[in-house]
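Taking it in order: structure first as C-alpha cells, then the write-up.
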Amino acid sequence: MKLISFEVSNHRSFRDDVYFDFSRPILTTNLPPKGKTWSDCLFPVAVVVGANASGKTNLLRALDFVSEAVRRSSTSWLEEDQMTRDPFQLSPETRSGLSRYTIDFVTDVASKGAELRYRYEFEIGPNGVEMEELKQYKSARPTMLLGRHRVGGKLKLRYGAQMGSAPQLSDRELALSRARQVGHEILGPLAGELADLRTYNVGDQERQRRIQWMTRDLAEGKLSVERLQQLAQAADIGIVRIELDEQDLPAEASRFLEAIEKHFSESEAVNGDSNEPKISEENRIRIARSLRFVHNQSQGEQVSFGIKDESAGTIAWLALAFAVLDVLRNGGLLLVDELDTSLHPHLAAEIVRLFQDPDTNRNGGQILLTTHDVTLLENDTDLQLDYRQVWFTQKDLDGSSELFSAADFGLKPKSNLAKQYREGRLGGVPLLATSLIRDMILS
1 MKLISFEVSN
11 HRSFRDDVYF
21 DFSRPILTTN
31 LPPKGKTWSD
41 CLFPVAVVVG
51 ANASGKTNLL
61 RALDFVSEAV
71 RRSSTSWLEE
81 DQMTRDPFQL
91 SPETRSGLSR
101 YTIDFVTDVA
111 SKGAELRYRY
121 EFEIGPNGVE
131 MEELKQYKSA
141 RPTMLLGRHR
151 VGGKLKLRYG
161 AQMGSAPQLS
171 DRELALSRAR
181 QVGHEILGPL
191 AGELADLRTY
201 NVGDQERQRR
211 IQWMTRDLAE
221 GKLSVERLQQ
231 LAQAADIGIV
241 RIELDEQDLP
251 AEASRFLEAI
261 EKHFSESEAV
271 NGDSNEPKIS
281 EENRIRIARS
291 LRFVHNQSQG
301 EQVSFGIKDE
311 SAGTIAWLAL
321 AFAVLDVLRN
331 GGLLLVDELD
341 TSLHPHLAAE
351 IVRLFQDPDT
361 NRNGGQILLT
371 THDVTLLEND
381 TDLQLDYRQV
391 WFTQKDLDGS
401 SELFSAADFG
411 LKPKSNLAKQ
421 YREGRLGGVP
431 LLATSLIRDM
441 ILS
C-alpha cells in the first residue's frame with residue numbers, strides 16, 4: 001500500500017479539517033502522467049515536526065483510528081454501549097458533532113497486480129456511521145465500489161456493479177469492516193490493507209510492546225535470530241552475537257525456531273511461510289527470555305545479557321530496523337512516532353536516507369514519521385528533503401491543532417529549514433514560560 005493523502009476533522013486535537021499529502025508536484029490529476037508510475041508520483045518520506053502536545057502523534061492516531069475502525073467496528077465495537085469515537089473534547093459542538101476521515105491510497109491487492117488508486121472516506125457521530133464511500137480509479141473518473149448515505153433518516157448501502165448484494169448492517173459498523181470479516185473477494189483485501197496499518201512508537205514507554213513485536217516476528221517466522229544479529233551489528237551498538245539459550249527454550253519453541261532458520265536459509269523471503277506451525281503466547285514469552293545478547297568486555301572476554309537488560313536504544317533499533325527492512329524490501333507504509341526517541345540522530349538520519357535512496361528503496365516504500373529532531377531539516381545533510389516532505393504541527397490557544405507544510409511558506413530554494421524553525425519563523429516551536437520554573441525553584 002502507498003499513501004497519497006489523508007484528511008481528518010474533529011479527531012482528538014484536530015478540531016478543524018487538516019490535510020496531509022505525500023504527492024509530488026507532477027501528480028496534478030487523479031492518475032500518474034503517461035510513462036510515470038505511482039512511485040514516481042509519491043514522496044518516500046514525510047517528516048512531521050512540532051512541540052510536545054502540538055498534535056504530531058494525533059495525526060498518526062487518526063490513521064490508527066481508521067485502521068481500528070476497519071478491523072473492529074463490525075466485531076468488538078458492536079459490544080460497546082455506544083459508538084467508539086475520539087472527537088475534539090474542548091467544545092460541546094465537536095463532542096456531539098461528526099468526525100470525518102478520508103484516505104487516498106494505492107494498492108494492487110484487488111486488481112491482479114496492477115496498482116490502482118482508491119479513495120475511502122467515512123463520517124461517524126455519537127449514533128454511529130453517517131456516511132461511507134469507497135471509490136476506485138481505473139481511469140480519471142472514479143468508480144463507486146460502495147456508497148452509504150442517509151435516505152429518509154435511514155442508512156442505505158449500495159454496492160457497485162459486480163460487487164454482489166449489499167448486506168444488512170448495524171449503524172455502528174462500517175461496510176468495509178463487514179467486508180473484511182466475511183472475506184469479500186474485492187472489498188476484503190482492500191479492507192485488509194487499511195486494517196494492517198500500525199504506528200510504531202519509539203518512545204521509552206513502548207519498550208514492552210517493542211519486545212513483543214520482535215519476539216512475535218521471531219515466533220511467526222518473519223524474523224530469524226541471524227537476521228536480528230545482522231541488524232544489531234549494522235548499528236554498531238556493541239552486540240557481537242545474539243543467541244538462544246537452548247536450556248531455557250521449550251521443545252515446541254525450539255522446533256519452531258529451527259524450522260524458521262531452515263526457511264531463511266532456503267529463501268531470502270522476509271515473510272514467513274503460512275504453513276509454519278503457530279506458537280502459543282506462553283512460548284513466545286519463553287523465546288523472549290531465552291534470547292541472549294553477547295557483548296565484548298574490555299579484557300577481550302565476552303558477557304551475555306537477557307533482553308530485559310538491554311538498553312531502550314538497542315531494543316528500539318532492533319524492532320524498528322526489521323520493520324524498516326521489511327518495507328524497503330517489499331514496499332508498503334511505515335508509520336513511526338517519535339523517531340528520535342531512544343535512537344541516535346545518526347541512526348534516525350540513516351533510516352530516512354535509506355527511504356530517500358532509490359537504490360535501497362526499489363519498491364516505493366514510504367515512511368511517515370514524527371520527531372523533535374530538526375537536524376533532519378539541516379540543508380547541509382545529504383537527505384535532500386523537499387519542502388513538501390516537511391510538515392509542522394502547532395497547538396492554538398483554544399487547544400486545537402494545525403497541520404501545515406513547509407511548502408506553504410514560499411521559501412527560497414536551499415533555505416535552512418532547521419535554522420528558521422528554531423527561530424520560530426515556521427511555527428511549531430514551544431513557547432516556554434521559563435520564568436515560572438525559576439520562580440518555583442527560588443520560592
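Taking full-length UniProt numbering, I'd label the letters of the sequence shown as residues 1 to 443. Backbone N, C-alpha and C define an ideal beta-carbon position, used for all residues, glycine too.
Within 10 angstroms of the Cβ of residue i, are there 16 or more other Cβ atoms? Answer buried if so, exposed if not.
i	result
residue 269	For residue 269, the predicted structure reports a pLDDT of 36, less than 50, and the residue's modelled location is therefore unreliable. A value from the coordinates is still provided. By the neighbour-count rule (16 or more Cβ atoms within 10 Å), residue 269 is not buried but exposed.
residue 440	exposed
residue 337	buried
residue 127	exposed
residue 442	exposed
residue 140	exposed
residue 99	buried
residue 10	buried
residue 175	buried
residue 307	buried
residue 201	buried
residue 66	buried
residue 164	exposed
residue 58	buried
residue 221	buried
residue 437	exposed
residue 300	exposed
residue 265	In this predicted model, residue 265 has a pLDDT of only 46, less than 50, meaning its place in the structure is not dependable enough to derive any value.
residue 173	buried
residue 6	buried
residue 422	exposed
residue 364	buried
residue 48	buried
residue 356	buried
residue 110	buried
residue 61	buried
residue 342	buried
residue 135	buried
residue 148	buried
residue 424	exposed
With distances taken Cα to Cα, identify the nearest neighbour of residue i among the options.
i	options	result
residue 211	321, 420 and 357	321
residue 159	143, 170 and 172	143
residue 45	139, 339 and 401	339
residue 29	4, 306, 52 and 50	4
residue 37	108, 415 and 343	108
residue 346	82, 382 and 133	382
residue 361	371, 370 and 350	350
residue 83	370, 418, 68 and 421	68
residue 119	399, 113, 417 and 133	133
residue 186	162, 296, 292 and 328	162
residue 75	180, 379 and 378	180
residue 97	420, 193 and 124	124
residue 393	419, 13, 1 and 6	13
residue 229	238, 242, 235 and 218	242
residue 313	188, 295 and 344	344
residue 87	293, 8 and 51	8
residue 16	378, 51, 101 and 78	101
residue 1	182, 195, 155 and 309	195
residue 413	425, 419, 402 and 379	379
residue 20	42, 295 and 297	42
residue 372	56, 425, 22 and 295	56
residue 50	402, 411, 135 and 415	402
residue 104	225, 23 and 152	23
residue 189	217, 199 and 112	112
residue 150	71, 415 and 171	171
residue 358	374, 218 and 331	331
Below 8 Å on the Cβ atoms is my contact criterion, and I expect residue i with residue j to pass it. Report the Cβ-Cβ distance as a whole number of Å.
i	j	result
residue 191	residue 177	7 Å
residue 129	residue 115	About 29 Å; that fails the 8 Å criterion.
residue 366	residue 325	The Cβ separation is near 15 Å, so there is no contact.
residue 368	residue 348	14 Å between Cβ atoms; not a contact.
residue 293	residue 304	6 Å
residue 63	residue 335	6 Å
residue 214	residue 328	Rounded, the Cβ-Cβ distance is 18 Å, inconsistent with contact.
residue 146	residue 157	7 Å
Any heavy atom of the ligand COA within a distance shorter than 7 Å of the CB on residue i?
i	result
residue 227	Summarising the ligand content, the structure contains no ligands, and the ligand COA is consequently not present.
Please give me, in chain order, every unbroken run of the alpha helix (DSSP H) with length at least 4 that falls completely inside the segment 18 to 105. 38 to 41, 56 to 72 and 92 to 95
Any chance you could list the beta strand (DSSP E) runs of at least 3 consecutive residues sitting entirely within the segment 140 to 177, in chain order? 143 to 151 and 154 to 159
Could you tell me which uninterrupted alpha helix (DSSP H) segments, each at least 4 residues in length, are contained entirely in the segment 374 to 430, listed from first to last along the chain? 417 to 422
For the pair the segment 86 to 101 and the segment 386 to 403, tell me if three or more CB-CB distances fall below 8 Å. yes
Quick check: the segment 405 to 421 against the segment 384 to 394, are there 3 or more CB pairs under 8 Å? Touching, yes, given that three or more Cβ pairs across the two stretches are closer than 8 Å.
What are the complete beta strand (DSSP E) segments, minimum 3 residues, inside the segment 176 to 238? 199 to 201
Would you list, in sequence order, the uninterrupted alpha helix (DSSP H) runs of no fewer than 4 residues that lie entirely inside the segment 332 to 368? 345 to 356
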